[in-house]
Each structure stands twice: as structure tokens, then as C-alpha cells.
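Residue 208 in my numbering sits at position 147 of the sequence shown, with consecutive numbering throughout.
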Amino acid sequence: MKGITGFALNNSRTVIMTILLVIVGGIYAFINLPKLEDPLITIREAVVAAKYPGMPVEQVERLITRPIEEKIRSMGEVDDIKNATSKVGECLIHVSIKDEIPSEDLPATWKLLRNRMHDVESELPDGTIGPMVNDTFGDTSVATIALWSDGFSMAEMYEVAREIRERLNLMKGIMKVDMTGVQDERIYIEVSNAKITQLGIRAADIGKSLREQNILLPGGKMGINNVEFVIETLGRFMSIKEIGDVLIPVSGTQATIPLRNIATIRKAYAEPIDNPAYYNGHQAIVLSVFLVRGVDAVEFGDRLTKNVKEIEQSLPWGYKLDFATYQPELIKKSVSGMVINVIESVVIVLVVVILLLGVRTGLIVGSFIPIVMLFGLLVMYMLGIDMERMSLATMIIALGMFVDNAIVVSDDIKVNMESGMARKDAVLKTGNSLAVPLLTSTLTTIFAFGPILLQVGSTGDYTSSLGSVMIILLMGSWFFSMFSSTSMCYWFLKIKPAGGGDKHQASDPYQGKFYQIYRKILQFSLRHRLLVLAVTAA
């Protein structure tokens, strides 16, 4: 370990090149590190949904919910089923995964869950839709964009929104774009119960005839008094007129009647309105933009803003695009505020060090601080650690710890030189005598933060950067205190021996008034150990 200091003194060009590489690499990392407001937290929950239109609650619970629950509980990765809700024709099951499952293994866990749900399909009643697994409901959008207008229908807005989504998906860094506020269209077929009874037509025959035609239009409902029949549209018809041309058989005869002669057919939006979206009082379609993990949200926000302006200019007159939410601006303010706090902390420490150690020694120690900071940023970039509130706060916390290494090294070299030792000998002695003690104290501090790295689940996701950045900075401070601080002291530190330059006449630097007072305090404390312990305990 003393070889670090000896190597540095004998290879000054290597030291300079290393410092320059750290400075350039650190600045590059600062510019390109992904910037977030808070650490990313992985949601370890999914929702399993299954439907059987019209099935009573009791049967949904017995025939659908329970078989799905049993299959889910057979997975060892499942922590608990937080909530299982059975409604008329539908069941929803919230599944949570154990915190011990690493975030990178969750995609495989969700795939296993989907496979189990595929296996359970054979145990469910025929006609059951699903079960379907949704593991993305915990995703957070970086921005939401509202499309609204005064004179266009929701159907027209939907077509424009689809085009906007396609253009946004072409942007680098986008994971997906979801749409909220889209109102589904339905085909409503209204039939008089008295009329079809008189003609000898059964409601079931109407639904059967429609299904057999493989209709391509959006699915709809057929209502007869208080009875509704769901129509699945899966084929070739392209207009309401073609639906009206469907021939309905008359029971007990070979005759058929066109549907338009016995029913009113109309296209309308689903009622009641499902999940409507509004922006400034206008009904709107909201596009939620989600980023790929690791993308710089601030840099992406600039590109997104420019792209949205270009898209809005290309829209037909009357359409408006506005940001409903815009997280990059909040992230920029948060990160900028934390960066300013870090800079202020560095300046404060630098001023204190200069006042206590003198200008020359203080500047040597002060130059050590940005080197370690930039080294930390460079390693963060290499390890994929984002720049967010927690990692930046860790830099402030670690600042008061890692600067001690440089102070101890510089002061020890200064004392050695004051005692008459040659500059190189003073530096080598410090590197030889302090390498192990400083490494030991650094590792002790690192071990204190070890439990943070062992946290699992959401807590571990949020605090992992604290432990990681702390370890990076503390180990970097130890290395650079032995490597660059010793070299800078050798290059720039100029101390005259107290004896006028003759090491034999040099006086002991520890005989000053401050050290004499300090020595007396230590001697008193050692003679009265019990008293000191009692006062400390009190």
C-alpha cells in the first residue's frame, strides 16, 4: 500500500494524466448521467383480471376467482394476494411479489405468472375472457399531453390522437404512449319486444345471426326491454347499413326478415362515459409518455417539447396540444437545487480548510474535493447509478467524511517537513505510515453503511444509491489521498524547518502553545479516567 505514494512520486506524468482523465470523465458523466427527481422504485404488484359477462357474483367467486387464486398461490415468488374482488361478470385480483425477488428478475416472474394463468384457463367456464395479467399499472409517466378541440367529435379526435401517438413512439427513449379519455363507440340495436314476438322472432336468433356474420365494426349491445345481448364484432361489415341487411330467421318457417325492418340501429358512444378526461374544462384525450429506464428525463423533455410543438403546427386548425403534466421541469429544478447545495458545501469546506490549515495547504486539500466528486460521478455513470435526490444528498453527507483523509495526509506531511525531514522523505513516510490506518477508518465507515445496501424491496430501491455512492466516494478519497494529495504536497507544499533548515536543530512542531494545552488536557483525562467516563455518561 505504501507503493501507491511511491509510484505516484516516481510517475508524475501518470498522476497528472489520471487527474485529467478523472476531470474530463467526471464532467462528461455529469452532463450525460440520467437525471431524476427521486430514485426509481420497482412496483412488485400486478393485477389479474377475468371476465364473464352477465355471470352472478356468487358464480364468479366460485367458478373463476377461487381457481385463479389457488393457481397464483402455488407460485413461490408470490408474497400475498392483497385483494380479490368479485363483481357481476368480473373478478380482479391484486398480487404482490416478495421483496426478496430482485428487480431484474421481475420480468421472468411476471412471465411465469402469465404461464400459470394460461394453465388455469382450462379450469374456467367456457366463454371466460382471460385471465389477463397487468404488471405495468405502477409505471409513472414523464409527461402527459392533452389533445382537445371545440368543434370536433371524440371519434375524430381519436384518429388524430392515434397519429400523434405514432409520431411520439418514433422518439428515441420512449417506452410506450398510453391514451386516456378515449370514448369507445358502440352499435346499439333497439328492438321492440312486442314486435318480434308477434313476428315469431327470438332475441337469441338476432344475436346468433349477427355473430355469424363476423362484423368488423366495434362491438355493441342489443337491448330488448331490460335484457341486453353483447355483440362481438369480428369480421367483414363496414357500415351500419350492412348490419341492417343481416337476415333474421323467423321461428318455425323458412322466412327471413332484414334486421333494419324490426330494429333501430344507431352508432353512439358507450354509456355511461368510461374514464373521461378533461383539460381546462374541455373534454380531451390525454397521451401519457413513459420513458425507457436510464434515459435522461431532462434532456428528453427538451426533445419532447420541440417535437410536440412541431406536431401541433401540423394538426388541422382547431386542435390544441398542451402539456397537462411535465416532470422534466420539476426534475431540472430539483437536481439543480441539489447541485447548488453540493457546490455550496464544497465552498464552505474549502474556506474552513484554508482558514485552519493556511492558504497553500488549504488549496491542496481543496483541490482534492472536486477530484473525488468527479471520480464519484464517473463511477456512477459506469455503474448506471442515476443522478437524483438521494445520490446527490449522499455527496453532501460524504463530503465531511472523505475530506478528512486529505487533511490528515497534508497535515502529517507538513509536520514531517517542519521537523526537518526532506520533502520526498516526508511524503513517503506519510504514505507508508498512514495508508493502513486511513484505509481501516475508511472501511469502518463503509461497513456502517453496509446495511443500507442489504435492504430489499421498495426501501432498497430508494436507498440503494445512498450506500453505493458513499462507498464509491470514501474509497476514492482514500486512493486519491495516497495518490494525488501526496503528489500535490510534494509539488507545491513549501515548509521551512522550525530550526532554520538544519534538521538537527529543528524544533519539535508539537511544542507549540496549542499542542501544550492539548497535551495537558489529555494527561488530565488519562489520570482521571473514571471522572471523564462519568461526565461523558451524564
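C-beta atoms are modelled at their ideal positions from N, C-alpha and C, and glycine is treated no differently.
- Distance between D266 and E122, taken at the CA atoms: about 30 Å.
- DSSP places A454 in the uninterrupted alpha helix (DSSP H) bounded by R450 to E479.
- Q344 is bridged by DSSP to Y339.
- Annotation: K148 to A107 spans about 19 Å, alpha carbon to alpha carbon.
- A direct Cα-to-Cα measurement between G86 and L439 gives close to 6 Å.
- Distance from the Cα of S452 is smallest, within the candidate group L489, D522 and V469, for D522.
- Between T455 and I474, the beta carbon gap of about 29 Å keeps them out of contact (Cβ cut-off 8 Å).
- Straight across, the Cα-Cα distance linking V396 with R450 is about 7 Å.
- Judged by DSSP secondary structure, P498 falls within the alpha helix (DSSP H) whose first and last residues are R484 to A509.
- Residue pairing of L587 in beta bridges, as defined by DSSP: absent, with no partner found.
- Exposed is the label assigned to R580, since fewer than 16 other Cβ atoms lie within 10 Å of its Cβ.
- In the three-state reduction of the DSSP assignment, P389 falls in the helix class, which pools H, G and I.
- Taking the Cα of P377 as reference, the smallest distance to any Cα among Y576, G212 and I304 is reached at G212.
- Closest by C-alpha distance to D465, out of L94, S502, R327 and L391, is S502.
- Rounded to the nearest angstrom, the gap between the Cα atoms of V408 and F553 is 21 Å.
- Among the bridge pairs identified by DSSP, P319 is matched with L308.
- Between I326 and Q344, the alpha-carbon positions lie close to 26 Å from each other.
- Separation of I104 and I235 (C-alpha to C-alpha, rounded to the nearest whole angstrom) is 19 Å.
- Closest by C-alpha distance to M448, out of I513, S526 and V433, is S526.
- By the C-beta criterion, the region 349–369 is judged to be in contact with the region 384–394, since at least 3 inter-stretch pairs fall below 8 Å.
- Residue T205 holds the alpha-carbon nearest to the alpha-carbon of T241 among T205, E479, I401 and G191.
- A straight-line Cα-Cα distance of about 58 Å links T66 and R175.
- Out of A110, F68 and I92, the CA that lies nearest to the CA of K393 is found in I92.
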